[in-house]
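Number of protein chains: 2
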Amino acid sequence: MTHLLVVDDEQDMVDLVTMYLENAGYTVSSALSGEEAEEKLKELKPDLILLDIMMPGRDGFAVCEAIRSYSDIPIIFLSARGEEWDKVRAFSLGGDDYIVKPFSPGEMTARIQAVLRRFGSSTDKRETIQHQTLLIDIHSRAVKVDGTAVGLTMKEFDLIVLLAKNRGRIFSREELLETVWGTEYRGGTRTVDTHIKTLRMKLKHEGASIETVWGIGYKFVDGTI
Amino acid sequence: MTHLLVVDDEQDMVDLVTMYLENAGYTVSSALSGEEAEEKLKELKPDLILLDIMMPGRDGFAVCEAIRSYSDIPIIFLSARGEEWDKVRAFSLGGDDYIVKPFSPGEMTARIQAVLRRFGSSTDKRETIQHQTLLIDIHSRAVKVDGTAVGLTMKEFDLIVLLAKNRGRIFSREELLETVWGTEYRGGTRTVDTHIKTLRMKLKHEGASIETVWGIGYKFVDGTI
DNA sequence: AATAAGTGTGAAGATTATTTGAAAAAGACG
DNA sequence: CGTCTTTTTCAAATAATCTTCACACTTATT
Chain H
1 MTHLLVVDDE QDMVDLVTMY LENAGYTVSS ALSGEEAEEK LKELKPDLIL
51 LDIMMPGRDG FAVCEAIRSY SDIPIIFLSA RGEEWDKVRA FSLGGDDYIV
101 KPFSPGEMTA RIQAVLRRFG SSTDKRETIQ HQTLLIDIHS RAVKVDGTAV
151 GLTMKEFDLI VLLAKNRGRI FSREELLETV WGTEYRGGTR TVDTHIKTLR
201 MKLKHEGASI ETVWGIGYKF VDGTI
Chain A
1001 MTHLLVVDDE QDMVDLVTMY LENAGYTVSS ALSGEEAEEK LKELKPDLIL
1051 LDIMMPGRDG FAVCEAIRSY SDIPIIFLSA RGEEWDKVRA FSLGGDDYIV
1101 KPFSPGEMTA RIQAVLRRFG SSTDKRETIQ HQTLLIDIHS RAVKVDGTAV
1151 GLTMKEFDLI VLLAKNRGRI FSREELLETV WGTEYRGGTR TVDTHIKTLR
1201 MKLKHEGASI ETVWGIGYKF VDGTI
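As you go down the protein sequences, you meet chains H and A in turn. For what it's worth, my numbering labels the leading residue of the first sequence as 1, then goes sequentially. For what it's worth, my numbering labels the leading residue of the second sequence as 1001, then goes sequentially.
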C-alpha cells in the first residue's frame, strides 16, 4: 500500500487532499508544519510527500531543502494559483513535480502516479475491483461486464470506482460531486442522477448494484449484509 | 565513437571508471543518481550503461527496471565484492552483464566489448513485440502489419514501441513527450496527437489498437484484464 | 387519498477534447 | 544551395462528454 504525507498549514486543505487521496486508494498521513513533516517523515517513512509552498515560518522550499540533505523521497509541491513562486527553484531544490491549486482529484492522482512510476517505488501491480461479473482495472481504466469491455467516460469511471471501492457506504450527491467533480464544481446536484442513470444502463445487469438510498444518496450494494 | 554512461553515487568511483574507459578510447558521460542517469540517457543516447547497484534512494535494480520500460540499451551492473545482491535478479531485470569491484581496466573493457559485440550482431538478440498482425522488431526498427513492411519515422517508431511495450498503461501527452521527445522539448502537446494520427493511419487496421483515453491521454489496448 | 418531496428518464443544449487536413518550420542529404 | 523528409503548428470540423430541464414516476407524510 502506497503511503503519502500531506504537508499544509491549512487544515481544510489537508482534509480535502486527504479525502481525494484516500478515495484513490492511498494511505494518507498529514502534517501542519515543516517541523511536523520532518518528524513524520522519519517516523512513518512514507513513499511520497505533497508539500505546500506557502506556509508561515519555514516555507515549502526550506522544508524541501532540509529533507534533501538526508532523504531522496519524491516531493511534489502544492501552490495556489497566482502565488509568487519560482518553478525553477522548486526543481533545483530537488522537487519532483508541482501541482497548482485548485486541482481536480484526477489530476492529483495522475501526477502522483507519474512521479511514483518515475521513481520505480510503486510496484505497478495491477489493481482491480471485482463484484460478480463486474471487473474494473483501475490503472488502465478498463471495465468489463460478463467479460465484454464497457466504455465509460471519465466521470462515470471515477464514480463507479468510488462507489465500488466503498461498498455499502452511502454517498450523498454533494459528497460525490466534491470527490469526483472537485471543489470548483458549481452546478446542480441532479447531474449526479444523470451519470448514475447512464452508469446503470452501461453496466447492464450489474447496474443494479448501484442502489438508491431514498432521500440521502447512492451506494454500491454490500454483499455482506 | 562508442559512448558510455557511468552511473554511480560515489564521485571517486565515477572518476576512476571514467579514466579507465577514456584511456580505452571510449567517450564517457556520468550520472550520480538514477534520475540523472535517465535524463542523460534520453539526452545523450549512449551506447551502453554501466550501472552501480548500491546507490542511496533508487538502487541500480530499480533504475534498470525503469529504463527497460522504454529502452533496450545494454546495461552492465557494477557491484562491490561481498555486497548482498542477486545475480539472477540482475539478469531477469534485463541486465546484460555484471562486473564485480574492484576490477582491472582490462577486465572492464573486455566485458564491455563482449556486450557491445553481442548487441552489434543484431541477429543475436532480436527483440520483438507482437500484437495480432502487428510485428515490431526493436533492434532493426522494422514494423510489419499483415506481413507487409510499414515505414515509420523515428518519433512514430519510438511512440508505438513505448505504447505497445506497456499495454494497458495510460500515457498522458506530457509523459509521452517526456519519454519519446526528451525533457528538453518545449512545444505544444498537440504534436503528440498528430503523430498518433499518422501512426493510426500507417498501421492500418492495427491502428485501432491505439486507444484514446478521453481527457487523459492514450493507451495501447490490453485484451488481458 | 391527497399532497409534497425525491428520483428516473429522455432529449436538447453547452462545453470541452480530439481528429483531421493543410501548411509552415526545421532538419537531413546530396 | 535546393530538394526531400520529418516534425511542428494551427484552426476548422468532428466527436465525446457534461449539464440542464421538463415531465413522469416513486416514495414518504398527513
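Even glycine gets a Cβ: it sits at the ideal position worked out from N, Cα and C. Please read all numbers here as calculations on a predicted model, not as lab measurements.
Please list, in chain order, the chain A residues whose beta carbon lies closer than 9 Å to that of residue 119 (chain H). The residue given as residue 119 (chain H) occupies position 119 in the first sequence. By Cβ distance, chain A contributes 1034, 1035, 1057, 1058, 1062, 1066.
Give the DSSP-derived three-state secondary structure of residue 51 (chain H) in the structure shown. Counting from 1 along the first sequence, the entry for residue 51 (chain H) is found at position 51. Residue 51 (chain H) falls in the strand class under three-state DSSP.
Could you name the residues of the segment 1212-1223 of chain A whose beta carbon sits closer than 8 Å to any beta carbon of chain H, in the order they occur along the chain? Cβ contacts with chain H: 1213, 1214, 1215, 1216, 1219, 1222.
Candidates H:109, H:44, H:214, of which the one nearest residue 1216 (chain A) by Cα: Position 216 of the second sequence, counted from the first residue, corresponds to residue 1216 (chain A). Of the listed residues, the one whose Cα sits closest to residue 1216 (chain A) is H:109.
Which partner residues does residue 91 (chain H) have in the DSSP bridge list? Position 91 of the first sequence, counted from the first residue, corresponds to residue 91 (chain H). BP columns for residue 91 (chain H) are empty, so no partner.
Can you name the residues of chain A whose CB is closer than 7 Å to the CB of residue 72 (chain H)? The residue you call residue 72 (chain H) lines up with position 72 of the first sequence. In chain order: 1056, 1057.
Buried or exposed: residue 1175 (chain A), going by 16 or more other Cβ atoms within 10 Å of its Cβ? Counting from one through the second sequence, the residue named residue 1175 (chain A) turns up at place 175. Its Cβ being crowded by 16 or more others within 10 Å, residue 1175 (chain A) is buried.
Going along chain A in order, which residues have a C-beta closer than 7 Å to the C-beta of residue 89 (chain H)? Within the first sequence, numbered from 1, the residue matching residue 89 (chain H) stands at position 89. The premise fails here: residue 89 (chain H) is roughly 18 Å from chain A at the closest Cβ pair, so nothing lies under 7 Å.
Closest to residue 101 (chain H) by CA distance: which of H:89, H:146, H:16 is it? Numbered from its first residue, the first sequence carries residue 101 (chain H) at position 101. Among H:89, H:146, H:16, the Cα nearest to that of residue 101 (chain H) belongs to H:16.
Run through DSSP, which three-state label would residue 134 (chain H) get? Here residue 134 (chain H) corresponds to residue number 134 of the first sequence, with the count starting at 1. Strand.
Between residue 1124 (chain A) and chain H, is the shortest Cβ-Cβ distance under 9 Å, so that the two count as touching? Start at 1 with the first residue of the second sequence, and residue 1124 (chain A) comes out as number 124. Confidence is the limiting factor: at residue 1124 (chain A) the pLDDT is only 37, short of 50, which leaves the residue's position unreliable, though a coordinate-based value still follows. Chain H contact via Cβ: absent.
Taking its Cβ as the centre, do 16 or more other Cβ atoms sit within 10 Å of residue 1149 (chain A), making it buried, or is it exposed? Counting from 1 along the second sequence, the entry for residue 1149 (chain A) is found at position 149. Its Cβ having fewer than 16 others within 10 Å, residue 1149 (chain A) is exposed.
By alpha-carbon positions, which one of H:190, H:144, H:170, H:42 ends up nearest to residue 207 (chain H)? Taking the first sequence and counting its residues from 1, the one referred to as residue 207 (chain H) is at position 207. Comparing Cα positions, the closest option is H:144.
DSSP state of residue 3 (chain H) mapped onto helix, strand, coil: In the first sequence, the residue the question calls residue 3 (chain H) occupies position 3. Under the three-state reduction of DSSP output, residue 3 (chain H) falls in the strand class.
With a threshold of 9 Å between beta-carbons, can residue 1038 (chain A) be considered close to chain H, or not? Position 38 of the second sequence, counted from the start, is the residue given in the question as residue 1038 (chain A). Answer yes: the Cβ-Cβ gap between residue 1038 (chain A) and chain H drops below 9 Å somewhere.
With residue 100 (chain H) as the anchor, note down where its beta strand (DSSP E) starts and where it stops. Working through the first sequence from its first residue, we reach residue 100 (chain H) at position 100. Taken as a continuous stretch (DSSP letters only), the beta strand (DSSP E) holding residue 100 (chain H) covers 97-101.
So, helix, strand or coil for residue 123 (chain H), using DSSP? On the first sequence, position 123 is the one that residue 123 (chain H) refers to. Low confidence applies to residue 123 (chain H): its pLDDT is 48, below 50, so where it sits in the model is not reliable enough to give any reading.
Please confirm whether residue 1092 (chain A) has its beta-carbon closer than 9 Å to some beta-carbon of chain H. As a position in the second sequence, residue 1092 (chain A) is number 92, starting the count at 1. False, the Cβ-Cβ gap to chain H never drops below 9 Å.
Can you tell me whether DSSP reads residue 203 (chain H) as helix, strand or coil? Residue mapping note: residue 203 (chain H) aligns to position 203 of the first sequence, counting from 1. Looking at residue 203 (chain H) - three-state DSSP - the assignment turns out to be coil, as it is neither helix nor strand.
Going along the chain, which residues of the segment 1153-1170 of chain A sit with their C-beta nearer than 8 Å to a C-beta in chain H? 1168, 1169, 1170
If you compare alpha carbons, which of A:1027, A:1022, A:1212, A:1036 is closest to residue 119 (chain H)? One-based indexing of the first sequence puts residue 119 (chain H) at position 119. Nearest C-alpha to residue 119 (chain H): A:1036.
Helix, strand or coil for residue 1034 (chain A) per DSSP? Indexing the second sequence from 1 puts residue 1034 (chain A) at position 34. Note: residue 1034 (chain A) maps to helix in three-state DSSP.
Check each residue of the segment 1172-1187 of chain A: if its Cβ is closer than 7 Å to any Cβ of chain H, include it; give the result in chain order. Taking 7 Å as the Cβ-Cβ cut-off against chain H, the residues of the segment 1172-1187 of chain A that qualify are 1172, 1175.
Looking only at its own chain, which residues have a Cβ that is under 8 Å from the Cβ of residue 1183 (chain A), when we skip the five neighbours before and after it? For this step, residue 1183 (chain A) is matched to residue 183 along the second sequence. Taken in chain order, the residues that qualify are 1039, 1042, 1043.
Give me the Cβ distance between residue 7 (chain H) and residue 18 (chain H), rounded to the nearest whole Å; I'm assuming they're in contact under 8 Å. As a working note, residue 7 (chain H) is residue 7 in the first sequence. As a working note, residue 18 (chain H) is residue 18 in the first sequence. Residue 7 (chain H) to residue 18 (chain H), Cβ: 12 Å. No contact.
So residue 1177 (chain A) packs on residue 1219 (chain A), CB below 8 Å; how close in whole Å? Your numbering for residue 1177 (chain A) matches position 177 in the second sequence. Your numbering for residue 1219 (chain A) matches position 219 in the second sequence. At roughly 16 Å, the Cβ-Cβ gap does not stay under 8 Å, so residue 1177 (chain A) and residue 1219 (chain A) are not in contact.
Express the C-alpha separation of residue 1209 (chain A) and residue 1130 (chain A) in angstroms, rounding to a whole number. Residue 1130 (chain A) sits at position 130 when you count from the first residue of the second sequence. Residue 1209 (chain A) sits at position 209 when you count from the first residue of the second sequence. Their Cα atoms are separated by approximately 12 Å.
Give me whichever residues DSSP pairs with residue 1211 (chain A) in a beta bridge. By one-based count along the second sequence, residue 1211 (chain A) stands at place 211. According to DSSP, which records beta bridges pairwise, residue 1211 (chain A) is partnered with A:1219.
Can you say whether residue 1154 (chain A) is buried or exposed, counting buried as having 16 or more other CB atoms within 10 angstroms of its CB? Along the second sequence, one-based indexing puts residue 1154 (chain A) at 154. That one is exposed.
Distance, residue 1090 (chain A) Cα to residue 1048 (chain A) Cα: Within the second sequence, residue 1048 (chain A) is the residue found at index 48, counting from 1. Within the second sequence, residue 1090 (chain A) is the residue found at index 90, counting from 1. Distance between the alpha carbons of residue 1048 (chain A) and residue 1090 (chain A): 16 Å.
Proximity winner among H:116, H:192, H:12, H:203, relative to residue 146 (chain H) (alpha-carbon distances): Within the first sequence, the letter at position 146 stands for residue 146 (chain H). Of H:116, H:192, H:12, H:203, the residue nearest in Cα terms is H:203.
Quick one: what's got a C-beta closer than 8 Å to residue 1029 (chain A)'s C-beta in the same chain, skipping five residues either side? For the purposes of this step, residue 1029 (chain A) is taken as the residue at position 29 of the second sequence. Counting only Cβ-Cβ distances below 8 Å, and skipping sequence neighbours, we find 1003, 1004, 1005, 1006, 1040, 1044, 1046.
Measuring only between beta-carbons, confirm whether residue 137 (chain H) sits less than 9 Å from chain A. Stepping through the first sequence from its first residue, residue 137 (chain H) is reached at position 137. Taking Cβ atoms only, chain A reaches closer than 9 Å to residue 137 (chain H), which makes this a yes.
Between residue 1055 (chain A) and the rest of its own chain, which residues show a CB-CB distance below 6 Å, the 5 nearest in sequence each way excluded? Position 55 of the second sequence, counted from the start, is the residue given in the question as residue 1055 (chain A). For residue 1055 (chain A), where only same-chain residues beyond five positions count, the Cβ hits under 6 Å are 1009.
Leaving out five residues on either side along the sequence, give the residues of the same chain with a beta carbon under 7 Å from the beta carbon of residue 196 (chain H). Residue 196 (chain H) sits at position 196 when you count from the first residue of the first sequence. Hits under 7 Å: 210, 218.
The beta strand (DSSP E) spanning residue 1142 (chain A) covers which residue range? If you number the second sequence from 1, residue 1142 (chain A) lands on position 142. Element bounds for residue 1142 (chain A): 1142-1145.
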